[in-house]
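The structure under discussion appears below in the form of structure tokens.
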Amino acid sequence: MNSDQGAEFCSEAWVAAVQGTGARISQDGRGRALDNVMVERLWRTVKHEHVYLHDYQGIPELRGGLGGFFPYYNDRRWHQGLDNRTPRQLLYG
Numbered sequence: 583m584n585s586d587q588g589a590e591f592c593s594e595a596w597v598a599a600v601q602g603t604g605a606r607i608s609q610d611g612r613g614r615a616l617d618n619v620m621v622e623r624l625w626r627t628v629k630h631e632h633v634y635l636h637d638y639q640g641i642p643e644l645r646g647g648l649g650g651f652f653p654y655y656n657d658r659r660w661h662q663g664l665d666n667r668t669p670r671q672l673l674y675g
């Protein structure tokens, strides 16, 4: 499991949970935000275009909402960085 060094990924509870699955933990060095820039940008979009706009009352409700957002993100939302195509258009034509 690779992550940045955010507090949530350094907590004893997180470390124990990951190690309990048999996975190894790997963390990017401090100040290495650009190592994972594409994923960081994805999560920014998810938060600003979906999560912050809804008043989810729990994890099951959030999961349901995200289950609807990701098909939109991949199939219908145009991406400037993809020449205004969707990821699906880029991958499958």
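If you count the sequence shown from 1, position 63 lands on 645 in my numbering, and the numbers rise without skipping.
Backbone N, C-alpha and C fix where the C-beta goes; we use that ideal spot for every residue, glycine too.
From a predicted model like this one, the values you see are computed outputs, not experimental measurements.
Subject >> Backbone CA spacing between Val628 and Asp657 [nearest angstrom] >> reply: Between Val628 and Asp657, the C-alpha separation is close to 15 Å.
Subject >> Where Tyr674 falls, given that 16 or more other Cβ within 10 Å makes a residue buried >> reply: Counting Cβ neighbours within 10 Å, Tyr674 comes out exposed, since fewer than 16 surround it.
Original post:
At which residues does the alpha helix (DSSP H) containing Tyr634 begin and terminate?
Top reply: Here Tyr634 belongs to no alpha helix (DSSP H), and DSSP marks it neither H nor E.
Original post:
What are the partner residues of Ser608, as DSSP defines its beta bridges?
Top reply: For Ser608, which the question treats as bridged, DSSP gives the partners Asn584.
**OP:** Could you tell me the distance, in whole angstroms, from the CA atom of Gly604 to the CA atom of Glu590?
**Re:** Cα-Cα distance, rounded: 19 Å.
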